[in-house]
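Residue numbers (numbering that gives the first Met the number 0), protein chains in the order written: chain A, 0 to 111; chain B, 0 to 827. Remarks on the structure that follows.
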Amino acid sequence: MKKIEAIIQPFKLEEVKDALVGIGIDGMTITEVRGHGRQKGHKEVYRGQEYVVDLLPKVKVELVVTEARCEEVTGALAAAARTGKIGDGKIFVLEVAEAIRIRNDDRDEVAL
Amino acid sequence: MPSKTQTESPDTETLRDRFFATGDASQLQAGRSEIVDSVVASAWNDFLAPAFPAGMALLAVGGYGRQDLFPHSDVDLLLLVEKRPAGAGKEALSAFLRAMWDSALRLSHSVRTPKECCELHDENVELNISLLDERFLVGDRALYETLQERSPRFLHGQRQTLIRHLCELTRPRHAKYQNTIYHLEPNIKETPGGLRDLHLLWWLNKLRDDPLVASEWLNGLKPSQDFLSTLRCFLHYRSDRDDNALSFDAQEEFTEQQFLPFEEPEAWMRHYFFHARAVSRAALRAMDASEGQNSSLLKGFRQWRTRLSNAEFTVSRERVFFKSPKTIPYDPELVMRLFQFVGRHGFKLALESERRIAEHYTVIEEHYKKRAPHWAAVLETLALPNAYKALTAMHETGVIRAVFPEWKRIECLVVRDFYHRYTVDEHSLLAIKSLEDLKKAEQPARQRFADLLSEVEEPALLGLTLMFHDVGKGEGDGSHAARSVTFAEEAMDRIQLPPRKRNLVRFLIERHLDLSAAMSARDLDDPATARMLAESVGTVEKLRCLTLITYADVSAVNPTAMSPWRLEQLWMLYLATYNELTRELDTDRIHESRTDSPEKARFLEGFPRRYLRTHSEEDVDQHLELDREREESGVGVQIVRRNGVYDLVIVCKDRPYLLASVAGTLASFGLNIVKAEAFANAEGIILDTFAFEDPARNLELNPSEIERLEFTLERVALGKLRARNLLKTRRTPPPPSKGGRIPPRVSVNQDASDRATLIELIAEDRPGLLYQVTRAISEAECDIRLVLIETEAHKAIDVIYVTRDGKKLSNETAGALKRAMLEAGKIE
């Protein structure tokens, strides 16, 4: 099993969700986050004073999938989240050791 | 993931085995509905029956209601209640749903009172629509009967609103798939012509008040429904989930099923398109008819068009009707006049007219068997302003194959090579459309071709050529062009086309691939290329026609095939050949009597003449400027965007693998090289030029990336950075299917150029392919003069002009190089 974590542009969330549902992924966790990567922040003027916004709002999508589907899912996710501009975000793939459904103790892939 | 009941229950297993033995979907669907019915009934008995002795009924709705359950379809359940459950009732409901959930059914449920079921849910019309398919399962029958009483009244009252909503839901779905059934990897549920369209017809049928017309929409679609259902069952089993995407790999696997009587995916995909086309047409017509029913304003607006009606045809709501269809059997030519009317005014055929044609189809076919139309009538049709619409209508009603039986060969014929998007018949019609669209072209790059079209003596002959240029596809080996000519000859015989026109059409069909071939694999600046083409076309008129045929043919391959780069290439090729034919010298490329500064003279000293021929005075000045930069920093780099592609020039001291390194760097930025050229002067200064495309629009959207690219290129050219390291981080995208792998092929051509050996490599495209190939050439101590790169989907076709010590390669060296390049192009 793999965990996929994607940091994406907030306005791309709907498209990403549709793309994932479209390939049969129906479980995911969405979090509103703030941060910066190479994009850094940008300058804004507020009441005449310039200040640096260094943490940009982003959305984090997390999901756990079987090994076999990982490539397909990251592909669909990237395609849906891409605008081509700097700031489109990143996808991380992590190894998952175990999954347990709390309600009935289902284990691993059955629990996904 | 595999669900518990589905793997453990022997019934489910039996159903699965039976399906794979017979391919019969309806049996499987009925069986699966039965299994789900029993799961629901047992959960009802365990949890709900004790808590609801009355006041609750379970209804199957949606696909489950229609007993149309695919192996992994959602199970839609309506819990019909007298009033909202509370307390113990609510507890029981939760326990019931949990039990259903744990039985691994993908349950979608809703809890409603009969009153709520009979309210319009603007936000959730799907609920109202799912009720069209309700089926009583278990529970309070009296409660269900109250719903049955209310429901027809509600549906009757809201009929028009529901129809409108249905159409509103359908249009964006079709638009999402570009309103076409022609997808190489279609989603067989959602694309136009998919199962969802069949459901739409089913619902519209139920909502219409004139069941006669409605049931006609579904008439004859049973085979399509069976075929699509079998496919969908297979896809669900194959992926073990609700997967409806017919990927290339799925197509290959489906072909292996014992119940399928076809050996190749192409063969049954042709059937898929036949079915999808039938369904899609029926759905569009039904929507058209249903929506049109109630829009009086629109009706009034469209009605004014009726003034276009004549003695034979009436126009109403932008649809053409026969005035007296009963005369078709006595005057089958009426049908041809109908299509000409369409071609003149651009309206669509009315559903009614299509039906009349279908009714008398045998008469029409017999008529044209005996009496082919005269060429003048054919050309007249092709010359009409909306010829494409006329031909499309002829195609859709099947009249085109009655008139030209050759068309039967290409109907729904699939070219399964990942590059062609459309079936051959659709491609031929779209090619005609792309010429028609030229007349409205606004971009200067296309207007040049529009001007060309206006100079052609008889444009209708281009239409005739395009209709037949690919009829030879689909069987036999070798070139389809020659086979197309054979079939076209038969047709031209029948319509008695005069010899002069006939010669032109024959020539155009025979040679319709020549310009594309030259564009992708020949150096357009090499006089040998223009000479060869000029010899083969002979006259300017033929060249014009062939250029336009090529324009139309490439444009109709897929929506992006005619890229700005190809458009430019085609124009350059036309110009070069035109000049060769008319001997008009392209003066601004010859710099015989330049008065150069000593610096410029030194810079130019030793560059091949070809450099001067292919670069303008302005280019040379800029290159000189880059050489000055080189003197200061060791390298001069310039990137300019023009005609939709980027031009890169690098000037630096020669070093091994320079071209390869630059190619690798561009690949590491995700850029597609389309052409590369290398020149060296007497001082050993190298000037490399690259033309590349930016498919992800990375440079356009992120201007700072150009600077980063320039900086990286400088460091690579100076040897401070290795292209190999840059490429390490780029992954090779997987090929579209296992069957789509492309083993490398290399061919050597010693005759195509006067000065160099041509090596053509066909290989699977991947980032850095050119890097590896050019490395192999450098390792063999050969010099690269020019590289032309063409990609068709994931197939790369590289043509490389190679020399050694300024001369063509010896056969021995060429052989060794061929082996090295095969190794470089190998799939990893």
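Every residue, glycine too, gets a C-beta built ideally from N, C-alpha and C. Just so it is clear, the structure is predicted and the values come from calculations on it, not from any experiment.
Collapsing the DSSP output to three states places B:ALA795 in a strand.
Within chain A, the C-beta atoms nearer than 8 angstroms to that of B:ASP241 come from GLY23, in chain order. DSSP places B:ARG316 outside both helix and strand once states are collapsed to three, so it counts as coil. Under the three-state reduction of DSSP, B:CYS651 is assigned to strand. The continuous beta strand (DSSP E) containing A:PRO56 extends over residues 55-64. Within its own chain, no residue has a Cβ closer than 6 angstroms to the Cβ of B:ASP101 once the five positions on either side in sequence are excluded.
Considering only beta carbons, the part of the stretch 687-699 of chain B lying closer than 7 angstroms to chain A consists of ALA695, ARG696, ASN697, in chain order. Chain-ordered, the chain A residues with CB closer than 7 angstroms to the CB of B:ASN701 read LYS84, ILE85. About 19 angstroms separates the Cβ atoms of B:GLY30 and B:GLN256, ruling out a contact at the 8 angstroms cut-off.
Under the DSSP definition of a beta bridge, B:ILE162 lacks any partner. In this structure, B:ASP67 lies near B:GLN28, with their beta-carbon atoms less than 7 angstroms apart. Taking a cut-off of 8 angstroms for Cβ pairs, the stretch 563-582 of chain B and the stretch 526-538 of chain B touch, as three or more such pairs fall below it. Residue ranges of uninterrupted beta strand (DSSP E) with 3 or more members, entirely inside the stretch 51-108 of chain B and ordered along the chain, are 55-59, 74-80.
Cβ contact annotation for A:MET27 (same chain, cutoff 7 angstroms, sequence separation greater than five): LEU19, VAL60, GLU61, LEU62, in chain order. Scanning the stretch 218-277 of chain B from its first residue to its last, the whole alpha helix (DSSP H) runs of 4-plus residues come out as 221-238, 247-254. Between B:PHE247 and B:SER809, the beta carbon gap of about 42 angstroms keeps them out of contact (Cβ cut-off 8 angstroms). In the three-state DSSP reduction, A:THR30 falls in the strand class (E or B). Annotation: the continuous alpha helix (DSSP H) that includes B:PHE153 extends over 140-156. In this structure A:VAL64 is in contact with A:ILE3, their Cβ atoms being roughly 6 angstroms apart against a cut-off of 8 angstroms. In the DSSP assignment, B:SER129 falls within the alpha helix (DSSP H) that extends over 124-129. For B:LEU383, no beta strand (DSSP E) run applies, since DSSP gives it neither H nor E.
In this structure, the beta-carbon distance from B:ALA389 to B:VAL341 falls below 7 angstroms.
Proximity of the stretch 661-679 of chain B to the stretch 783-798 of chain B meets the contact definition, three or more beta-carbon pairs being nearer than 8 angstroms.
Per the Cβ contact rule, the stretch 742-759 of chain B is not in contact with the stretch 631-638 of chain B (fewer than 3 Cβ pairs under 8 angstroms).
Take the alpha-carbon of B:ALA310 and the one of B:GLU351: they are about 18 angstroms apart. With distances taken between CA atoms, B:GLN621 lies nearest to B:LEU647 out of B:GLY643, B:GLY633, B:SER632, B:LEU647. A Cβ-Cβ contact shorter than 7 angstroms links B:ILE187 with B:LEU227. In the DSSP assignment, B:LYS817 falls within the alpha helix (DSSP H) that extends over 810-823. Spatial neighbours of B:GLN749 in its own chain (CB-CB distance under 7 angstroms, excluding positions within 5 residues in sequence) are listed in chain order as THR756, LYS807.
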